[in-house]
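The structure under discussion appears below in the form of structure tokens.
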Amino acid sequence: MFDSLIAELATRFGLGDKARDLLRMLLAAMTDASRGGLIGFIERFRRAGFGDVAQSWLSASADGTPPLALDAVHVEQVLGGPGGLIGQITHRLGLSAATVTSALAYALPRVMDQLAPAGKATGAVPSAVHAFIGNAARMLEPAGAAPASGGNRLMKWLPWLVIAVACAFLFSHCTKPKPADSTANAVAIPVGAGALSSMVDGQPALKVYFDTGKAEISTEFSDRSQALVAYLKAHADAKAVVSGYSDPTGSAAANAQMSRLRAEAVAAALQAAGVPASSVVLEKPTDITGTGDTLAESRRVEVVVRK
33 MFDSLIAELA TRFGLGDKAR DLLRMLLAAM TDASRGGLIG FIERFRRAGF
83 GDVAQSWLSA SADGTPPLAL DAVHVEQVLG GPGGLIGQIT HRLGLSAATV
133 TSALAYALPR VMDQLAPAGK ATGAVPSAVH AFIGNAARML EPAGAAPASG
183 GNRLMKWLPW LVIAVACAFL FSHCTKPKPA DSTANAVAIP VGAGALSSMV
233 DGQPALKVYF DTGKAEISTE FSDRSQALVA YLKAHADAKA VVSGYSDPTG
283 SAAANAQMSR LRAEAVAAAL QAAGVPASSV VLEKPTDITG TGDTLAESRR
333 VEVVVRK
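Those letters in the sequence shown? Residues 33 to 339, by the working numbering.
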């Protein structure tokens, strides 16, 4: 019953034979009775401020009017986060979060006519949809979840397990030198425009992030690029290799153009900071879209030093 949509998802987002399971997991989440079924699912979008969009999905099912599209960023806002549907599908199917988010944004308005005939959301799941979903609800369960029948036995032994783990932890800290905290310097990826500096193989590197559909550089660039600029000025044989990336929400042509514009903007900013034009090289990556764990992380330009 969803053959046409499955084929579109498979080709448009490169899902291949994973398109069917992605759609089954989406429908399982949309009809999950423990979270209010379809009514509860739609209510999540309403609470997030997308009530008009959600209502248009129902209206389209009722009278055939075109449904409003929801940007992948907004889908991520509602269905992302710890334990969210995006993360569950990403983990289960081995896909990038950006690809999953874009595919869900595309599929959501297109399944509503099967879930809400005549535009009415109810708690009942059509038998054909129920058969299509099959055991997909189990695919949404956290990995390693214990069967309900073993709950009492687990609770019986849980205090002793906690004590044993605590003793082992304390013993290891008393007998071994404490390792350096590898996450102490971890920083959050900017949601919109921003910049992050780092060291790669002992040389300064830079990542510049952008707002959706924009190529304007953040005001953070000046401070975050200082180490890279100083290094390039001091090493005439070094080149700044600039590569642009984009999220997968637009067409391939639009994404390629936006990636190039962002790379050119960063190259121009480096030159404005005093880096010789001969030391700046634009290099198109093999894959420019959906290379980050989130849409925000995908919208970036990377600058590394090459000698």
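Beta carbons: idealized from backbone N, C-alpha and C, even for Gly.
Output the distance between the C-alpha atoms of Met144 and Asp35, rounded to the nearest integer angstrom. The count along the sequence shown starts at 1 and reaches residue 144 at position 112. The count along the sequence shown starts at 1 and reaches residue 35 at position 3. Approximately 15 Å between the Cα atoms of the pair.
Return the bridge partner residues of Tyr241 from the DSSP annotation. For this step, residue 241 is matched to residue 209 along the sequence shown. Residue pairing from DSSP places Tyr241 in a beta bridge opposite Gly226 and Arg332.
Given a cut-off of 8 Å on the beta-carbon distance, is the pair Lys239 and Ala227 in contact? Residue mapping note: residue 239 aligns to position 207 of the sequence shown, counting from 1. Residue mapping note: residue 227 aligns to position 195 of the sequence shown, counting from 1. The answer is yes: Cβ separation under 8 Å.
On the premise that Asp53 lies in contact with Met171, defined as a C-beta separation below 8 Å, what is that separation, rounded to the nearest angstrom? As a working mapping, residue 171 is identified with position 139 in the sequence shown. As a working mapping, residue 53 is identified with position 21 in the sequence shown. Correct: roughly 7 Å between the Cβ atoms.
Can you tell me the Cβ-Cβ gap for Ser275 and Val333, rounded? I've got them flagged as a contact below 8 Å. Along the sequence shown, read from residue 1 onward, the residue named residue 275 stands at position 243. Along the sequence shown, read from residue 1 onward, the residue named residue 333 stands at position 301. About 7 Å; that satisfies the 8 Å criterion.
Taking C-beta to C-beta, are Glu296 and Leu314 nearer than 8 Å? Position 264 of the sequence shown holds residue 296. Position 282 of the sequence shown holds residue 314. Yes; because the gap between Cβ atoms is below 8 Å, this pair is in contact.
Contact set for Tyr138: own chain, Cβ-Cβ below 8 Å, skip 5 residues either direction: Residue numbering aside, residue 138 sits at position 106 when the sequence shown is read from its first letter. Once the five neighbours on either side are set aside, the close Cβ partners of Tyr138 are Glu40, Leu41, Arg44 and Phe45.
Helix, strand or coil: how does DSSP classify Ser214 here? Start at 1 with the first residue of the sequence shown, and residue 214 comes out as number 182. Unreliable positioning characterises Ser214 in this predicted model, as indicated by a pLDDT of 39, which lies under 50. The coordinate reading is nonetheless provided below. Looking at Ser214 - three-state DSSP - the assignment turns out to be coil, as it is neither helix nor strand.
Please state whether DSSP places Gly48 in a helix, a strand or coil. Translated into the one-based positions of the sequence shown, residue 48 becomes position 16. Helix, per DSSP.
Distance check for Ala220 and Pro259, CA to CA, integer angstroms please. The residue given as residue 259 occupies position 227 in the sequence shown. The residue given as residue 220 occupies position 188 in the sequence shown. Correcting the residue type first, residue 259 is Ala in the shown sequence and not Pro. The C-alpha of Ala259 lies about 20 Å from the C-alpha of Ala220.
Going along the chain, which residues of its own chain have a beta-carbon closer than 6 Å to the beta-carbon of Leu147, five neighbours each way excluded? As a working mapping, residue 147 is identified with position 115 in the sequence shown. Correct list, in chain order: Leu70.
Can you grab the Cα-Cα spacing for the pair Arg292 / Ser128, in whole Å? For this step, residue 292 is matched to residue 260 along the sequence shown. For this step, residue 128 is matched to residue 96 along the sequence shown. The alpha-carbon atoms of Arg292 and Ser128 are separated by roughly 22 Å.
Residue nearest to Gly224 in terms of C-alpha spacing, selected from Val335, Leu327, Ala286 and Leu37: Counting from one through the sequence shown, the residue named residue 224 turns up at place 192. Minimum Cα distance to Gly224 is reached at Leu327.
Option in Ile320, Asp319, Pro158 and Ala301 with minimal Cα separation from Ser311: Within the sequence shown, numbered from 1, the residue matching residue 311 stands at position 279. Selected option, being the one with the closest Cα: Ala301.
Applying the criterion that 16 or more other CB atoms from any shown protein chain within 10 Å of the CB defines a buried residue, is Lys50 buried or exposed? As a working mapping, residue 50 is identified with position 18 in the sequence shown. Burial call: buried.
Classification of Arg56 by the beta-carbon crowding that lies within 10 angstroms, buried from 16 upward: Taking the sequence shown and counting its residues from 1, the one referred to as residue 56 is at position 24. Flag for Arg56 reads buried.
Taking the C-alpha atoms as reference points, what is the distance between Gln120 and Ser254? Looking up residue 120 in the sequence shown gives position 88. Looking up residue 254 in the sequence shown gives position 222. Between the alpha carbons of Gln120 and Ser254 lies a gap of roughly 38 Å.
Which ranges would you report for the alpha helix (DSSP H) in the segment 48–132 if only whole runs of at least 4 residues count? Counting whole runs of 4 or more residues, the segment 48–132 contains the alpha helix (DSSP H) stretches 51–62, 69–79, 83–95, 104–111 and 117–125.
Pair within 8 Å by beta-carbon distance, Arg76 and Val110: The residue you call residue 76 lines up with position 44 of the sequence shown. The residue you call residue 110 lines up with position 78 of the sequence shown. Pairing Arg76 with Val110 gives a Cβ-Cβ distance under 8 Å.
Excluding five sequence neighbours on each side, which residues of the same chain lie with their C-beta closer than 6 Å to the C-beta of Arg338? Sequence index remark: in the sequence shown, residue 338 carries index 306 (1-based). Correct list, in chain order: Lys271 and Val273.
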